[in-house]
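Novice: Here it is, the structure, as structure tokens.
Structural data, given as structure tokens:
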């Protein structure tokens, strides 16, 4: 990491990264994402300890695509998937399944059986 920082500063000027942070950093979003306002670092649950501070750096606990809020990746089986890509795939699968349900009148058939 330090090599990357050194290389960026060497290519773009001495205080390049510091200037970027000063220009584009939003302190309110940083506090939200890092959970800086919390007094507790860990919370004890029935399954163990849960990290409360800086949750964006925490790896997901589940292999089913479920993850904590603002997670940068989700795990499906043993594969790590970018959250944006995972969400786009889920939206497309839901859209295709709803299209199929409308096309084949599955919703009408289910409602007719209940009524």
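Numbering (the working numbering), first residue to last: 2 to 116. Glycine is no exception: its CB is placed at the ideal position from the N, C-alpha and C atoms.
1) In whole angstroms, what is the alpha-carbon distance linking residue 7 and residue 20?
2) Using the beta-carbon count (16 or more within 10 Å), is residue 68 buried or exposed?
3) So residue 55 and residue 35 are supposed to be a Cβ contact under 8 Å. How far apart are they, rounded?
4) Taking only beta-carbon atoms, is residue 44 less than 7 Å away from chain D?
5) Within the chosen definition, does the segment 39-46 reach the segment 23-30 through at least 3 CB pairs nearer than 8 Å?
6) Have a look at residue 90 and residue 60 and give me their C-alpha separation to the nearest angstrom.
7) Under the rule that 16 or more other beta-carbon atoms within 10 Å means buried, what is residue 76, buried or exposed?
8) Throw me the rounded Cβ distance for the residue 108 and residue 101 pair, which I believe falls under 8 Å.
9) If you run the structure through DSSP and keep just helix, strand and coil, what is residue 1?
10) Whole angstroms is fine: what's the gap from residue 51's alpha carbon to residue 31's?
Specialist: On the basis of the coordinates in this document:
1) Approximately 14 Å between the Cα atoms of the pair.
2) The residue is buried, with at least 16 neighbouring Cβ atoms inside 10 Å.
3) Rounded, the Cβ-Cβ distance is 5 Å, consistent with contact.
4) Given the protein chain composition of this structure (a single chain), no chain D is represented.
5) No, the segment 39-46 does not touch the segment 23-30.
6) Using only the alpha carbons, I get a separation of about 21 Å.
7) Around the Cβ of residue 76, a 10 Å sphere holds 16 or more other Cβ atoms; the residue is buried.
8) Their Cβ separation, rounded to whole angstroms, is 11 Å, which puts residue 108 and residue 101 out of contact at 8 Å.
9) Since the first residue of the chain shown is 2 and the last is 116, residue 1 is not available in this structure.
10) Between the alpha carbons of residue 51 and residue 31 lies a gap of roughly 20 Å.
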